[in-house]
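Count along the sequence shown from 1, then add 8; that gives the number in the working numbering. For every residue, glycine included, the Cβ atom is placed at its ideal position computed from N, Cα and C.
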Amino acid sequence: MNNKPYLIEFPKIGESQLGYISVSEKNNLPFIPKRIYWTYFTPEDVVRGNHAHYELEQILVAVAGKIEVDIVLQNEDSFHFVLDSPNFGLFIPKMAWRTMKYSHNSVQMCIASMEYDENDYIRNYDQFKR
């Protein structure tokens with residue numbers, strides 16, 4: 009069971025003259041994806057996230073631009089990650105409070121372990137700490 013956030017490096021195939029692709033398959037993911045979505049056109053002065061999940065695990069990828077991610081676990085361990093390369097993903101475990109800030113040109117792809125379930129969200133930090 010993964011209970012701390014960590015970076016996943018996806019294979020980078022290609023060369024600078026032609027460009028690159030990265031491919032993720034079941035052998036380099038910590039779960040089987042159930043949902044994929046992306047976030048874009050987020051103003052730089054907006055902080056997104058401010059929640060945790062009871063069961064959901066996620067992998068965030070900065071497909072374009074830069075995303076700063078701060079994570080706090082229930083034991084108060086905290087982590088700061090800067091995502092700025094599309095061949096790296098950030099694994100976020102369940103029960104991890106997260107906030108994200110985006111550069112003006114960023115596109116974030118999220119690979120999720122579950123389908124959307126509003127009941128899985130913890131949106132109050134004090135409740136999360138309990």
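Item	Value
Determine the extent of the alpha helix (DSSP H) in which Y124 is found, giving its start and end residues.	Neither: Y124 is in no alpha helix (DSSP H) and is coded neither H nor E.
Pick helix, strand or coil for N58, following the three-state DSSP scheme.	strand
Quick check on Q82: does DSSP put it in helix, strand or coil?	coil
Quick check: the region 109 to 117 against the region 70 to 84, are there 3 or more CB pairs under 8 Å?	yes
To the nearest angstrom, how far is it from the Cα of V115 to the Cα of F99?	17 Å
Roughly how many whole angstroms lie between the Cα atoms of N36 and P13?	15 Å
Is the region 116 to 128 in contact with the region 56 to 68, if contact means three or more CB pairs nearer than 8 Å?	yes
Please name the residue in P101, I130, D92 and K137 whose C-alpha comes closest to that of E17.	D92
To the nearest angstrom, how far is the alpha carbon of K137 from that of I21?	42 Å
Between which two residues does the beta strand (DSSP E) harbouring K20 extend?	K20 to E23
Is K42 helix, strand or coil when you go by DSSP?	coil
How many Å lie between V94 and G27 at the Cα?	Looking at the sequence provided, one finds Pro at residue 94 rather than Val. Cα to Cα, the separation comes out at about 12 Å.
So the candidates are S32, W46 and V69; which of them puts its Cα closest to the Cα of I40?	S32
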